[in-house]
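From first to last, the protein sequence lines are chains H and G.
If you count by our numbering, then the first sequence holds residues 22 to 215, one letter each, in order.
If you count by our numbering, then the second sequence holds residues 117 to 427, one letter each, in order.
Built from N, CA and C at the ideal position, the CB exists for glycine as well.
Please read all numbers here as calculations on a predicted model, not as lab measurements.
To start, the structure under review is shown below, and the notes come after it.
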Amino acid sequence: MSPVRLERIGNMSKSASSSTSREAMTAADVRRAIVRIAHEIVERNHGVVGLAIVGLQRGGTWLGEEIAAQINKIESEVSVPVGALDVSLHRDDISLRPVSLGAISNIPFDLSGATVVLVDDVLYTGRTVRAAMEGLNNYGRPRAVQLAVLVDRGHRELPIRPDFVGKNLPTHRGDDVSATRDGVFVTPNSEDKS
Amino acid sequence: MKHLRSIDELGVDGLVDLLQLTDHMAEINQRPVPKVPALRGRTVASLFFEDSTRTRLSFETAAKRLSADTMTFNVSTSSVNKGESLRDTVATITDMGVDAFVVRHKSVGIPWQISQWTTASIINAGDGAHQHPTQALVDCYTIREATHVQNFAGMKIAIVGDIKHSRVARSNIQAFTLLGASVVLVAPPTLLPPDVSHWPVTVSHQLDDIIGGVDVLYMLRLQSERMAQGHVPTLREYSEQYGLTQKRVQALKSDAIVMHPGPMNRGVEMQIDPSDVKNSLIHRQVANGVSVRMAVLFKLLGSGSNLGGQA
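In structure tokens:
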């Protein structure tokens, strides 16, 4: 791991002491995972007709856009609509901790009858995905909802399972996982946050 | 933030914060199903001792879109008519488990008074001629939406009409100037407060003098009872000097905005159909009312801000 990487981590994660960060995926690994997930999505759905990608604000939006761009390279006849969903007002822990609304939802197409692929960077407890499924219903009734994540780090608290996974990454509960274009990094945390 | 009783109390940071939060709420209102569960389990009571259409309805709609429960207190059918005091009324409603009161009263300071009697959040929906902070938020948001500027620096806003009796004017002067605009008040001397020298405004008695230079023309409602009270000689004369006529619309800058908090007195301060004015934002003001009040309710009651604070 290069020193430059370590500095980036220090800037990106809130609690991390960068000296102990572990690189779980390199930038190249992330790129390959995105290409594979894009192919899997097209294969599973027999093409892209009726498909829509919705990234979860904010960590999932870049990933949603990249996956959609890949899909558009694979199947060029139809362009896949991409949206972004902010789930903070649908969360079940909204009264338990301060919620910061960072980015606004933007789904400029009708979801009724569409096959929606929800995209997020890291799948953890599953509560964000639950909130997202509830939020989606405000925009119409999708024919089906699928879930694509770059990293599945385990510790689910709800019966939710991803359809497309970049990497299964065993972690401890308190670990900090950051997943960006530049790679996936795990920072162990001695304090158990849960 | 526990209460919203005045723009002062909010400050510039709180103001900007709420305007940004309103963007999120506006997006929710555009969804096919405009409802989120953010305030599930919270209860908002509206306590209106004065008449209202848009403020009360937009607060109730806002609460419902955030999944809060609402209680409506109607003075004319309440035990106030049996002589129950304001304090006992508030205590009674508090006992039912209320997280926020939306209060409108003809007396200045009632929201502050009530907040000493209850643990619930207090939102001022108008106290006498003092403050109406959510209307000011609506107006700032509406200007921001129309002009796409976050900061009102360099913007010239004229507030025209019955400044003296207007809580909307007082809240708006504070909010507009906090965001950097310069405000000119336009009214006959009888409809201005006795002394505005300590207000951050300039004053004009002639609408025609300033109309060509303003970016926002904010018309206030003239209550017809003002004539009986001797503040204006006749409605016709007032209208002649301070009403928005077709001629005055033409004197406006081409991109100037026209606003009115409602309810309008057609034929008095508005001598034209506002839909004839190209840049009238009066309908946007009403539409944004719900989004802004959602932001206020969420700021006060949502987001872990009120933990353990339930009454």
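On a Cα-Cα basis, can you pick out the residue from G:415, G:402 and G:263 that is closest to residue 395 of chain G?
The candidate whose alpha carbon is nearest that of residue 395 of chain G is G:263.
For residue 208 of chain G, does the count of other Cβ atoms within 10 angstroms reach 16, so buried, or fall short, so exposed?
Residue 208 of chain G counts as exposed, since fewer than 16 other beta carbons sit within 10 angstroms of its beta carbon.
Quick check: is the beta carbon of residue 264 of chain G nearer than 9 Å to any beta carbon in chain H?
Residue 264 of chain G does not count as touching chain H.
Of all the residues that make up the stretch 117-141 of chain H, which are near chain G by a beta-carbon distance shorter than 7 Å?
Answer in chain order: 117, 118, 119, 120, 122, 125 and 126.
Give a single yes or no on whether residue 57 of chain H has its beta carbon closer than 8 Å to a heavy atom of the ligand MN.
Inclusion of the ligand MN in the displayed structure is not the case, the ligand content being empty and no account of it being possible.
When you compare the CB of residue 181 of chain H with every CB in chain G, is at least one pair closer than 9 Å?
Under the 9 Å criterion on CB atoms, residue 181 of chain H is classed as non-interfacial with respect to chain G.
With C-beta atoms as the reference, is residue 157 of chain G less than 9 Å away from residue 116 of chain H?
A contact, by the Cβ cut-off of 9 Å.
Chain G residues whose Cβ lies nearer than 8 Å to that of residue 161 of chain H
Those are 148, listed as they occur along chain G.
Could you check whether the Cβ of residue 414 of chain G sits closer than 9 Å to any Cβ belonging to chain H?
Residue 414 of chain G has a beta carbon lying within less than 9 Å of a beta carbon in chain H.
Own chain residues within Cβ distance below 6 Å of residue 109 of chain H, not counting five before or after:
Excluding the 5 residues flanking it on each side, residue 109 of chain H has same chain C-beta neighbours closer than 6 Å at 120 and 122, in chain order.
Contact with chain H by residue 151 of chain G, beta-carbon distance below 9 Å:
By this cut-off, residue 151 of chain G is an interface position.
Cross-chain neighbours of residue 129 of chain G in chain H, by beta carbon under 9 Å
What residue 129 of chain G touches in chain H: nothing, since even the nearest Cβ is about 15 Å away.
On the three-state DSSP scale, how would you describe residue 188 of chain H?
DSSP places residue 188 of chain H in strand when its eight states are reduced to three.
Could you please give me the residues that DSSP links to residue 185 of chain G through a beta bridge?
DSSP lists G:159 as the beta-bridge partner residues of residue 185 of chain G.
For residue 139 of chain G, which residues in chain H fall below 7 Å Cβ to Cβ?
Result: 125.
Is the stretch 154-171 of chain H touching the stretch 90-102 of chain H, taking contact as three or more C-beta pairs under 8 Å?
With the cut-off at 8 Å, the stretch 154-171 of chain H and the stretch 90-102 of chain H do not touch.
So, is the C-beta of residue 422 of chain G closer than 9 Å to a C-beta in chain H?
The pLDDT assigned to residue 422 of chain G is 44, lower than 50, so where the model puts this residue is not dependable, and the model offers no usable value.
At a CB-CB cut-off below 7 Å, which residues of chain H make contact with residue 143 of chain G?
Near residue 143 of chain G (Cβ distances below 7 Å), the residues of chain H are 125 and 126.
Same chain, Cβ closer than 8 Å to residue 192 of chain H, five either side skipped, listed in chain order:
Closer than 8 Å at Cβ, skipping near neighbours: 174, 175, 176, 198 and 207.
What residues in its chain sit with their C-beta under 6 Å from that of residue 284 of chain G, if we drop five residues either side in the sequence?
So the list reads 248, 251 and 377, once near-sequence residues are dropped.
Residues of chain G with CB closer than 9 Å to the CB of residue 158 of chain H, please, in chain order.
Simply 149.
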